[in-house]
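To start, the structure under review is shown below, and the notes come after it.
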Amino acid sequence: MNIPYFVLKPDAREPALNVLGTQVTVLASNAATQSYGMTFQQGDEGTGPPPHSHDWDESFYILQGEVEFLCDGTVHRCTPGTLVHVPRGTVHGFRFGRGGQMLEITGQGATAAQMFTAIHNEIPAGPPDIPKVLEVLQRNGVMVAA
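Going by the numbering used here, the sequence shown opens with residue 126, and the numbers climb by one from there.
Right under this line is the structure:
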């Protein structure tokens, strides 16, 4: 199957998804490219996912501000121009610092875009229903570290 090229200009993007306080704009899903996925993410200071793992590779490129990453128990303070590569199965998480913005690129087979959409659609704003969040994550191949 031949996947045609596409050009996604800013005015044609879907609105950002609210993923537990992180704004996630899906630029290209793995389904759309039949290969990798790409999102733009930004969040208020202190927001971000808890330590977790999944069965796909992912990389993050810091565009602006600061983002603190936890990878296999080690904390890394990341500033613009930093690339963080997380191989499948690696326990990782991050917290946005002031003005943090980044690109996320997911490897083949990732369900990140579907998971972000499910959280946006199924978890209302406000204090999250943690059992429901864990169910949505697990359904999309993400395991939160204990």
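Each residue gets a CB set at the ideal place from its N, CA and C atoms; glycine is no exception. This structure is a prediction, so every number in the text was calculated from the model and none was measured.
So is residue i buried or exposed if we call it buried at 16+ other beta carbons inside 10 Å?
i: Ala156; result: exposed
i: Tyr130; result: exposed
i: Ala167; result: Residue 167 is actually Gln in this sequence, not Ala. Result: buried.
i: Ala250; result: exposed
i: Glu183; result: buried
i: Gly214; result: exposed
i: Val200; result: exposed
i: Gly171; result: exposed
i: Gly162; result: buried
i: Ile187; result: buried
Of the residues the options, which one's Cα is nearest the Cα of residue i?
i: Val144; options: Thr207, Pro253, Gly206; result: Pro253
i: Asp180; options: Ala137, Thr204, Val216, Thr242; result: Val216
i: Thr207; options: Gly214, Gly171, Glu229; result: Glu229
i: Pro174; options: Cys196, Ser154, Met163; result: Cys196
i: Phe165; options: Gly224, Gly190, Ala141; result: Ala141
i: Asn246; options: Ala235, Val258, Glu191; result: Val258
i: Gly190; options: Pro176, Gly214, Gln226; result: Gln226
i: Ala237; options: Ser160, Asn127, Pro135, Ile128; result: Ser160
i: Leu204; options: Ala235, Gly214, Phe221; result: According to the sequence provided, residue 204 is Thr. The question's Leu does not apply to it. If we check each option's Cα against that of Thr204, Phe221 comes out closest.
i: Asn127; options: Thr158, Pro135, Val149, Ser154; result: Thr158
i: Gly234; options: Phe194, Ser154, Pro135; result: Ser154
i: Gly224; options: Val149, Val192, Pro135; result: Val192
From the DSSP output, read off the bridge partner residues of residue i.
i: Ser184; result: His210, Ile230
i: Arg220; result: Glu193
i: Gly162; result: Thr231
i: Val267; result: His179
Between residue i and residue j, what straight-line distance do the alpha-carbon atoms span, to the nearest angstrom?
i: Leu133; j: Val209; result: 25 Å
i: Glu139; j: Val151; result: 7 Å
i: Ala270; j: Ala137; result: 36 Å
i: Gly266; j: Gly218; result: 15 Å
i: Pro212; j: Thr147; result: 22 Å
i: Gly232; j: Ala243; result: 19 Å
i: Arg264; j: Pro176; result: 17 Å
Of all Cβ atoms in chain C, is any one closer than 8 Å to the Cβ of residue i?
i: Gly225; result: Here there is only one protein chain, and chain C is not present.
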